Each structure stands twice: as structure tokens, then as C-alpha cells.
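Scroll down for the structure; my scribbles are underneath it.
2 protein chains.
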Amino acid sequence: MRADAQRNRARILDVARTVIEEQGTQASLRDIARRAEVGMGTLYRHFATREELLEALLGGRFDRLAAHAAALEASHPPAEALTEWLRAFAEGAATYRGLAASMIATLEDGRSSLHASCVAMRDAGGRLLARAQQAGRIRPDVDGTDLFALFSALASIADVAPSIGLRHEHLFDVVMEGLVSRAR
Amino acid sequence: MRADAQRNRARILDVARTVIEEQGTQASLRDIARRAEVGMGTLYRHFATREELLEALLGGRFDRLAAHAAALEASHPPAEALTEWLRAFAEGAATYRGLAASMIATLEDGRSSLHASCVAMRDAGGRLLARAQQAGRIRPDVDGTDLFALFSALASIADVAPSIGLRHEHLFDVVMEGLVSRAR
DNA sequence: ACCTGAACACCGTTCAAGT
DNA sequence: ACCTGAACACCGTTCAAGT
Numbered sequence: 024m025r026a027d028a029q030r031n032r033a034r035i036l037d038v039a040r041t042v043i044e045e046q047g048t049q050a051s052l053r054d055i056a057r058r059a060e061v062g063m064g065t066l067y068r069h070f071a072t073r074e075e076l077l078e079a080l081l082g083g084r085f086d087r088l089a090a091h092a093a094a095l096e097a098s099h100p101p102a103e104a105l106t107e108w109l110r111a112f113a114e115g116a117a118t119y120r121g122l123a124a125s126m127i128a129t130l131e132d133g134r135s136s137l138h139a140s141c142v143a144m145r146d147a148g149g150r151l152l153a154r155a156q157q158a159g160r161i162r163p164d165v166d167g168t169d170l171f172a173l174f175s176a177l178a179s180i181a182d183v184a185p186s187i188g189l190r191h192e193h194l195f196d197v198v199m200e201g202l203v204s205r206a207r
Numbered sequence: 024m025r026a027d028a029q030r031n032r033a034r035i036l037d038v039a040r041t042v043i044e045e046q047g048t049q050a051s052l053r054d055i056a057r058r059a060e061v062g063m064g065t066l067y068r069h070f071a072t073r074e075e076l077l078e079a080l081l082g083g084r085f086d087r088l089a090a091h092a093a094a095l096e097a098s099h100p101p102a103e104a105l106t107e108w109l110r111a112f113a114e115g116a117a118t119y120r121g122l123a124a125s126m127i128a129t130l131e132d133g134r135s136s137l138h139a140s141c142v143a144m145r146d147a148g149g150r151l152l153a154r155a156q157q158a159g160r161i162r163p164d165v166d167g168t169d170l171f172a173l174f175s176a177l178a179s180i181a182d183v184a185p186s187i188g189l190r191h192e193h194l195f196d197v198v199m200e201g202l203v204s205r206a207r
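Sequence order for the protein chains is Y and X.
Residues in the first sequence are numbered from 24 upward in steps of one, following my numbering.
Residues in the second sequence are numbered from 24 upward in steps of one, following my numbering.
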């Protein structure tokens with residue numbers, strides 16, 4: 024990649040992080056290009072879709088989250104590992120306003136650039152889930168997709184109603200208890 | 024109201040119902056005006072905000088839902104009344120794509136035209152909840168707002184991922200079990 | 001190769017002008 | 001009283017023209 028291109032790409036990512044932090048995942052791309060002092064075409068050349076931009080911003084974080092699942096599997100007993108991971112997952116889904124909703128949508132949209140990361144995360148969670156189910160600690164009739172949907176939806180509440188978001192830990196606990204009930 | 028105004032209002036509501044059914048609560052107001060064969064100003068005169076339009080479309084339904092809570096309180100035992108009502112509530116929140124998210128947001132936005140209906144529904148649910156808690160059937164550390172948020176969030180999953188929406192009843196059951204656990 | 005910015009087709013919202 | 005539709009300030013996306 025040419026040096027100026029590389030510099031532009033970095034500038035865009037840098038500005039995008041700030042703007043999306045301010046305005047959420049639906050932030051104006053025009054605004055990002057403007058503040059990065061770059062033409063619209065340049066933004067589109069580097070990131071053909073909004074999802075590609077989000078992937079560049081979040082891909083690393085998501086990969087680490089999937090890896091974290093494997094680590095927890097080795098270090099913690101089944102139920103604790105799952106709970107701990109779901110907590111980290113919910114935190115990740117809350118990185119930017121609007122992200123949680125995008126993540127659920129992306130799970131069934133194979134064309135989205137976020138699709139791969141989300142499927143990987145769902146599967147990582149699914150493995151922790153299966154382990155906890157085999158240990159009889161989680162009800163057997165839920166799968167990784169259920170988990171992903173439930174906790175993303177939970178995270179999305181804070182996006183749309185910040186004050187209710189303060190109850191997040193509490194609501195997390197309620198849903199968690201729902202998973203525990205009817206185990207075995 | 025003048026006869027032509029009344030006719031216009033009815034036309035707008037009629038078309039809005041169709042368009043919002045197609046495109047969700049974020050449907051283009053311009054499109055609604057166009058298909059109702061009405062100037063933009065006319066639409067704005069009758070419904071100054073998008074929320075006012077939604078209120079006109081859904082207010083009746085929400086009022087009935089609040090009334091339904093009182094009826095259930097008289098006819099059913101505490102836990103059954105609550106479960107039954109929450110089922111109806113979730114159905115109402117799923118009337119239009121995007122509505123569930125609007126409802127959570129509106130709960131803490133006093134200026135929204137949907138605010139009154141949503142508060143009324145939350146309180147109606149809150150009364151059924153308190154009754155079930157007094158009967159020792161629901162954990163005591165949740166309130167009406169928690170309930171509203173949890174089940175709206177649940178409904179919003181189907182908005183953004185239709186196929187996961189097919190699991191709605193199942194996820195409903197999981198959350199319900201979470202409410203039951205730690206009762207008394 | 002890469003960048004720019006105007007062009008196009010859309011929005012929501014307002015408001016002067018009409019009846 | 002009420003209606004119309006143009007005007008304004010925004011979008012996202014594309015693409016001819018430049019370096």
C-alpha cells in the first residue's frame with residue numbers, strides 16, 4: 024500500500040473511533056470523511072461498507088473475546104467460565120451505541136463483514152455453553168444462538184435507554200438465572 | 024375539524040399503517056405523504072412528530088393492553104395473570120418492526136407522544152408483578168421497568184433478526200424462569 | 001494507485017403562497 | 001382553516017477527472 028494511502032487509512036480509523044463513540048454505529052460517514060480531511064471516495068475505497076469499518080475497529084476485540092473463551096475453559100469450572108465469558112461478551116456488545124443490534128442482525132447476514140467475527144463469538148460461547156450443560160448447570164434446551172441473542176438484546180437496552188442501562192447487571196443476573204433453571 | 028382535513032387525516036393514518044407495516048417504524052414520512060396523495064405540510068399539520076403518528080396508530084391497542092391487566096388481575100391467579108399479560112405485551116411490542124426499541128427509548132423520554140401509553144403499560148404490568156411477588160411467585164428484586172425493558176428487548180430481537188425471532192417463545196420462557204427463580 | 005469532490009437520489013422539516 | 005410543494009440542510013453512494 025502506498026504511503027499516503029496508509030496514512031489516510033489510519034486517519035480514517037482514528038477519526039471513526041471518535042465519531043462512532045459520539046454518535047453510535049449509525050454515525051454519519053460523511054462526517055467521518057470530513058473530520059478525517061479526506062474525500063468521500065477515499066473513505067469508500069478503504070472501507071466499502073459501514074460494516075467493514077466496524078470490523079476494522081472491532082475485529083481485534085472480538086477475536087480476543089473468542090480466544091478468551093478457550094482460556095476460561097481451561098482455567099475455570101463450567102458454570103463459572105460461561106458466566107464470566109458472557110459478562111465479557113455483553114461488555115463487548117456495548118462498545119458502541121447501536122452495536123448490539125448490528126451484531127444480532129449480522130449473525131444471519133452472511134454478506135456482512137461482521138458476520139465471521141459474530142459467528143466465531145457465537146461458537147466460542149456455544150462451546151462454553153455445551154460444557155456447562157453437560158455438567159448439568161445450564162438448561163439443555165438453549166443453544167449458542169439463543170445465548171448470543173439474549174445477551175446482545177440485553178446490551179442493546181442501554182443503547183436506547185441509558186438510565187435503564189444502569190440496571191444492566193441486575194437484568195444480566197435475571198437472564199442468567201433463567202438459563203440455570205431447569206438444568207438437568 | 025373541516026371535512027377535507029378529516030378525510031386527509033384518515034387517509035394518512037390508513038396509508039401509514041400499510042407503509043409502517045412494510046418498512047417498520049422508521050418508514051419514510053415522505054413516502055407516506057406521497058402515497059396518501061397529500062402535501063408534506065398536511066402530514067406535519069396532523070402529526071407533528073413521528074411519535075404522534077405512531078400514537079394514533081397504536082394508542083388504542085396500548086390502552087386495551089393496560090385494561091387487560093386489570094381484567095387478568097380479577098380473573099387469574101397472580102403468576103398466571105402476569106405470564107399471560109407479558110405474552111400479550113410482547114405481542115404488542117412486535118406490532119411493527121422497530122417499535123420495541125422505540126418503546127424502551129420512549130419510557131425515559133417525557134416529550135415523546137408514546138410516553139404516556141408506555142408508562143401506563145409499565146405501571147399496569149408493575150401491578151401484576153407486585154401481586155405475583157407478594158404471592159411469592161416472582162423474585163422480589165425486579166420492578167415494572169425491568170419487566171418492560173426485558174420483554175421489549177426480547178421482542179426487538181425479531182425486528183433485527185427474523186429467523187432468531189422464531190425462537191421467541193423459547194427465549195420468553197427462559198427469561199420467565201429467570202423471574203421465577205429466587206422468589207421468596 | 002490513489003485521491004477529490006461534484007452529482008444523484010434520497011431524507012426530515014419548515015414555510016411562503018395559495019384556496 | 002387548511003393545503004401545497006418548493007426550499008433548505010442534511011444523508012449514502014458513485015464516478016469522472018485529476019495527480
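Cβ atoms here follow ideal geometry from the backbone N, Cα and C, with glycine treated the same way.
Everything numeric in this text was worked out from a predicted model, so none of it was measured.
Nearest C-alpha to ARG145/Y among ARG25/Y, VAL165/Y, ALA56/Y, ALA28/Y: VAL165/Y. Within the stretch 165-188 of chain X, contact with chain Y at the beta-carbon level (separation under 7 Å) is assigned to VAL165, THR168, ASP169, ALA172, LEU173, ALA176, LEU177, SER179, ILE180, VAL183, ALA184, SER186, ILE187. By the neighbour-count criterion, in which 16 or more other beta carbons inside 10 Å mark a residue as buried, THR129/X falls on the buried side. Nearest CB-CB separation between ARG205/Y and chain X: below the 8 Å threshold. LEU88/Y is the residue among THR72/Y, LEU88/Y, PRO100/Y, GLN157/Y whose C-alpha sits nearest the C-alpha of ARG110/Y. Here MET24/Y has ARG32 as same chain residues with Cβ atoms under 8 Å from its own Cβ, once five neighbours each way along the sequence are excluded. Residues of the stretch 114-128 of chain Y with a Cβ closer than 7 Å to any Cβ of chain X, in chain order: ALA124, ILE127, ALA128. In this model, GLY83/X and ASP169/Y are separated by some 33 Å (Cα to Cα). For ARG73/X, the nearest beta carbon of chain Y is not closer than 8 Å to its own beta carbon. Residues LEU36, PHE70 of the same chain have their beta carbon placed closer than 7 Å to that of ALA79/X, with the five preceding and five following residues left out of the count.
Contact with chain Y is absent for VAL142/X, since none of that chain's Cβ atoms lies less than 8 Å from the residue's Cβ. If you compare the alpha carbons of ALA172/X, ILE161/X, GLU74/X, VAL203/X with that of THR48/X, the shortest gap goes to GLU74/X. With respect to the 8 Å criterion, PHE112/X and GLY62/X are not classified as neighbours on the basis of their beta carbons.
For GLU131/Y, the nearest beta carbon of chain X is closer than 8 Å to its own beta carbon. Here DSSP, grouped into helix, strand and coil, assigns GLN49/X to coil.
When the five nearest sequence neighbours on each side are left out, the beta carbons in the same chain lying within less than 8 Å of the beta carbon of ILE180/Y are those of ILE187, GLY188, HIS191, LEU194, in order along the chain. Residue environment for ALA102/Y: buried (at least 16 other C-beta atoms within 10 angstroms of its C-beta). Pairing GLU44/X with LEU81/X, the inter-Cα distance amounts to about 12 Å. Ranked by Cα distance from SER135/Y, the options GLU200/Y, THR72/Y, GLU60/Y are led by THR72/Y.
Nearest C-alpha to ALA153/X among ARG40/X, VAL203/X, ALA116/X: VAL203/X. Boundaries of the alpha helix (DSSP H) around VAL183/X: 167-183.
Taken through DSSP and simplified to helix, strand or coil, PHE70/Y comes out as coil. Taking a beta-carbon distance threshold of 8 Å, ARG110/Y does not count as an interface residue toward chain X. With at least 16 other beta carbons inside 10 angstroms of its own, ALA124/Y counts as buried.
Distance from LEU95/X to ILE161/X at the Cβ level is roughly 15 Å; contact not present, criterion being Cβ atoms closer than 8 Å. The shortest C-alpha to C-alpha distance from THR118/X to any of GLU200/X, ARG40/X, ARG34/X, ARG205/X is the one to ARG40/X. Using a Cβ-Cβ cut-off of 8 Å, GLY149/Y is close to nothing in chain X; its nearest Cβ partner there is about 14 Å away. Rounded to whole angstroms, ARG57/Y and PRO185/Y show a C-alpha spacing of 29 Å. The alpha-carbon separation between PHE171/X and CYS141/X amounts to approximately 9 Å. Sequence-distant Cβ neighbours of HIS99/Y in its own chain, meaning closer than 8 Å and more than five residues away, are GLU107.
Residue state for SER125/Y is assigned as helix, using DSSP reduced to three classes.
Cβ atoms of ARG207/Y and GLY159/Y come within 8 Å of each other, at about 4 Å.
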